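What follows is a single structure, written as structure tokens, with notes after it.
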Amino acid sequence: MKIAMGNDHSAVEMKTVIREYVEAKGYEVIDFGTNTGESCDYPEYGEKVGRAVASGEADYGIAICGTGIGIGIAAGKVKGIRVCTCSEPYSARLSRMHNNTNVLTFGARVIGTEMAKMIVDEWLDNAYEGGRHDRRVAQLMEIEG
Ligand code: RB5
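Plus 104 on top of the position in the sequence shown (first one is 1) and you've got our numbering.
Here's what the structure looks like:
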């Protein structure tokens with residue numbers, strides 16, 4: 105299983121920690137950067153992660169900026185992407201089970217690395233339940249036309 109990862113300058117350290125964490129869990133990571141502390145623009149990295157997931161190059165995406173919000177908005181603009189921006193594990197888990205989210209984002213300036221690992225665990229270790237949620241997820245995808 106492959107995970108596309110992307111981040112802006114505010115999240116290089118967090119991305120590195122989470123990258124190593126998911127690799128240790130057995131995932132292959134496609135790292136779209138950035139990998140320097142030089143100021144950059146989060147939309148570029150959110151879009152790259154979103155496109156990698158939408159095209160099938162990656163199974164899932166994890167994108168990190170200061171809040172997780174900007175990079176999440178960017179990834180969610182890509183057709184086929186359902187983003188979950190999380191600060192705690194419960195929502196991450198339910199977003200997989202009910203919403204079939206395919207990109208997770210969080211804020212390096214909002215949560216610490218241990219909370220981020222818990223969120224990532226809940227998100228990656230839980231599967232979409234289907235059933236009654238299929239209709240609702242299909243309705244979500246109809247909105248993007
Ligand atoms: C960068 O300063 C910051 O705006 C960005 O990382 C993110 O929080 C945007 O949503």
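We treat Cβ as the ideally placed atom computed from N, Cα and C, and that holds for glycine.
Note that the structure is predicted; figures quoted are calculated from it, not measured.
Going by C-alpha distance, which of the options is nearest residue i?
i, options, result
"MET222", "SER191, ILE185, GLY154", "SER191"
"GLY160", "ALA128, TYR194, LYS106, ASN203", "LYS106"
"GLY184", "LEU228, ARG123, LYS119, THR205", "THR205"
"ASP229", "ASN139, ARG123, MET201", "MET201"
"ALA162", "VAL241, GLY249, VAL133, ARG236", "VAL133"
"ASP135", "ASP145, ARG240, ILE122, SER143", "ILE122"
"VAL187", "GLU218, ALA128, ARG155, ARG213", "ARG155"
"GLY165", "PRO193, TYR232, ALA108, GLU226", "ALA108"
"ARG213", "PRO147, GLU246, GLU142, CYS169", "CYS169"
"GLU142", "GLU246, GLU124, TYR131, ASN111", "ASN111"
"ALA128", "ALA196, GLY137, ASP225, ALA167", "ASP225"
"LYS119", "THR217, CYS144, ARG197", "THR217"
"MET245", "MET219, ASN203, ARG236, ALA231", "ASN203"
"VAL126", "TRP227, SER195, THR138, THR189", "TRP227"
"TYR146", "ARG239, ALA242, ILE247, ALA167", "ALA167"
"HIS237", "LEU198, THR171, GLY130", "LEU198"
Please name the residue or residues paired with residue i in a DSSP beta bridge.
i, result
"MET255", "Nothing can be reported for residue 255, as the shown portion of the chain is limited to 105 through 249."
"ALA167", "GLY110, THR209"
Pair every Cβ in the stretch 167-186 with every Cβ in the stretch 110-121, then say whether three or more of these pairs are closer than 8 angstroms. Remark: three or more beta-carbon pairs, one from each stretch, lie closer than 8 angstroms, so the stretch 167-186 and the stretch 110-121 are flagged as touching.
Secondary structure, alpha helix (DSSP H): runs of 4+ residues fully inside the stretch 183-219: Counting whole runs of 4 or more residues, the stretch 183-219 contains the alpha helix (DSSP H) stretches 193-201.
Whole alpha helix (DSSP H) elements within the stretch 111-145, 4-residue minimum: Complete alpha helix (DSSP H) runs here, min 4: 116-128.
At a cut of 8 angstroms, does the stretch 206-220 reach the stretch 178-190 through at least three beta carbon pairs? Contact between the stretch 206-220 and the stretch 178-190 is present: 3 or more CB-CB pairs across the two stretches fall below 8 angstroms.
Whose beta carbon lies closer than 6 angstroms to any heavy atom of the ligand RB5, going through the chain in order? This selection yields ASP112, SER114, TYR146, CYS169, GLY170, THR171, ILE173, GLY174.
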